[in-house]
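Student: The following block contains the structure, expressed as structure tokens.
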Amino acid sequence: MSKRDSVPTRLFSPYDMQGMTLKNRVVMAPMTRSRATPDGVPKPIVATYYGQRAGAGLIIAEGTNISPQGQGFPNTPGIFADTHVAAWRNVVEGVHAADSRFFLQLWHVGRIAHPDSMQPGCHPLAPSAVAFERDVMTPSGLQPAPTPRAMTVDDIAQTIEDYANAARRALEAGCDGVEIHAANGYLPAQFLHETSNFRADAYGGSLHNRMRFVIEVVEACVAAIGAERVGIRFTPFGGFNGCSSADEGALYRALLGDLSRFALAYVHIVGANIAGNKTKQGADAANIPDVAALIRPLWPHTLIVGGDYDAGRAEAVLDDPGADLVAFGRDFIANPDLVERMAKGLSLAARDPDSWYGDGAAGYIDFPPYGERMW
């Protein structure tokens, strides 16, 4: 079999996502790259970065703070001010020029934060006043996570409105839609899981009460911009950032059952083999459930799966069919032309974790396409 014969084909075919045509089934996954100003404005090089990677049918932009209160990491972008909208508009125009679609990921970190990384006067909020039991990143390095303030019902209502306003601003910037970040142990996941939600009101206790915040965020975003422009991301069985449940299967059966009444743009799930920006190894990788097999029967609309896929595994999960679209993350960093490389069976540039986070062009927009690489 020649290299050309072994190249996947379905992965590179067009796809209709709730009336939105994608030129292929490759999704660029959201990845924090820390190239915004301290007040959350994406720097000009952000437009170059995403434009270089617009071979993907769909780009899901990095986690973007919905409010000053939602920020948890230094130099991450926002979507709550006019200056943010203007900067993102420049990014989206470049992506659209390459016939790619662009969704903005809406992010509130909840308790995974430190006041030093937040806007002045802000303190972490969470479902309950229970600190994350590990260090968190600040401008001066890792520091112990402080105890968050338990959200009042008014805090919850304001945060839900912040999500809706962020969704409106994203469309004002020209984005094709938004992705609600309900994965990786951030605020929505903190409400979902009993390891972080100890509330005794309508937002805690029973499974359906713990789901309430996520459902209300979805309802608010759908009302603001339409269901076909709203996606949501989950990490079933991930256990990242201290969020897990005794019965993850029951949680996601109930949650997706409720969400199925919305004809959302998509549900995006990350395999349990991934923990944040790392692939689990050794004992941590043993007995990992097949998340795609669990979720596919529960979700009748577009399903995106991610989890350190290569082109061959991506084709297999599309053919199964365990998914409709496949998300690729870390390989897009050093391979701006990842789609072309996979389509032609070309080798990939190696990952360089030391370059993932920074403040300038190095390790961000200086990776050449295949034909221009240095030998």
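All letters in the sequence shown, in the order written, are residues 9 to 383 by my numbering.
Don't be surprised by glycine CBs; every beta carbon is placed ideally from N, CA and C.
Would you kindly work out how many angstroms separate the C-alpha atoms of H92 and R269, rounded to a whole number?
Tutor: Straight-line Cα distance between these residues: approximately 32 Å.
Student: On a Cα-Cα basis, can you pick out the residue from G27, M39, S21 and L19 that is closest to S363?
Tutor: Comparing Cα-Cα distances from S363 to each of G27, M39, S21 and L19, the minimum goes to M39.
Student: Looking only at DSSP bridge pairs, what is R241 linked to?
Tutor: Looking at the DSSP assignment, R241 forms a beta bridge with H189 and H276.
Student: I want to know whether the region 92 to 102 touches the region 141 to 149 - three or more CB-CB distances under 8 Å.
Tutor: Taking 8 Å as the limit for Cβ pairs, the verdict is that the region 141 to 149 does not touch the region 92 to 102.
Student: Count the CB pairs spanning the region 165 to 185 and the region 108 to 120 that are closer than 8 Å, and state whether there are at least three.
Tutor: With a cut-off of 8 Å, the region 108 to 120 and the region 165 to 185 count as touching, because enough Cβ pairs lie within range.
Student: When DSSP builds the beta bridges, which residues end up paired with F111?
Tutor: F111 is bridged to I68 and G185.
Student: Note down, in chain order, each residue of its chain lying with its Cβ closer than 7 Å to the Cβ of P308, except the 5 sequence neighbours on either side.
Tutor: Hits under 7 Å: S268.
Student: What are the boundary residues of the alpha helix (DSSP H) that includes T29?
Tutor: Looking at the DSSP string, T29 is not in any alpha helix (DSSP H); the run it does join, the beta strand (DSSP E), is M28 to L30.
Student: Tell me the DSSP bridge mates of R157?
Tutor: DSSP lists L133 as partners of R157.
Student: Would you mind sorting P52 into buried or exposed? The rule is 16 or more other CB atoms within 10 Å of its CB.
Tutor: Per the 10 Å Cβ criterion, exposed.
Student: In three-state DSSP terms, what is N173?
Tutor: N173 falls in the helix class under three-state DSSP.
Student: May I ask which residues mark the beginning and end of the alpha helix (DSSP H) holding L311?
Tutor: It is not in any alpha helix (DSSP H) - L311 instead sits in the beta strand (DSSP E) that spans L311 to G314.
Student: Out of T146, D367, S21 and V186, which has the shortest C-alpha to C-alpha gap to I233?
Tutor: The residue with the shortest Cα to Cα distance from I233 is V186.
Student: A153: buried (16+ other C-beta within 10 angstroms of its C-beta) or exposed?
Tutor: Counting Cβ neighbours within 10 Å, A153 comes out buried, since at least 16 surround it.
Student: State the DSSP-derived secondary structure class of Y378, mapped to helix, strand or coil.
Tutor: It is helical.
Student: Can you list, in chain order, the residues of its chain with a C-beta nearer than 8 Å to that of Y171? Leave out the 5 residues immediately preceding and following it.
Tutor: Answer for Y171: I74, L114, H116, I188, V225, A228 and C229, listed in chain order.
Student: Using the beta-carbon count (16 or more within 10 Å), is L150 buried or exposed?
Tutor: It counts as exposed.
Student: Using 10 angstroms around the beta-carbon of A273, count the other beta-carbons present and answer buried if the total reaches 16, otherwise exposed.
Tutor: When all chains shown are included, A273 counts as buried.
Student: What residue range is occupied by the uninterrupted beta strand (DSSP E) comprising M36?
Tutor: It spans V34 to M36 - the beta strand (DSSP E) in which M36 sits, taken as one unbroken run.
Student: Using the three-state DSSP reduction, which class does P52 fall into: helix, strand or coil?
Tutor: In this structure, P52 counts as helix in the three-state DSSP scheme.
Student: Which residue or residues does DSSP assign as beta-bridge partners of G212?
Tutor: Looking at the DSSP assignment, G212 forms no beta bridge with any residue, so it has no partner.
Student: Using a threshold of 8 Å, state whether the C-beta atoms of L354 and L19 are closer than that.
Tutor: No, they are not a contact pair.
Student: Look at the Cβ atom of G213, then the Cβ atom of R207, and state whether they are nearer than 8 Å.
Tutor: Cβ distance < 8 Å, so G213 and R207 count as in contact.
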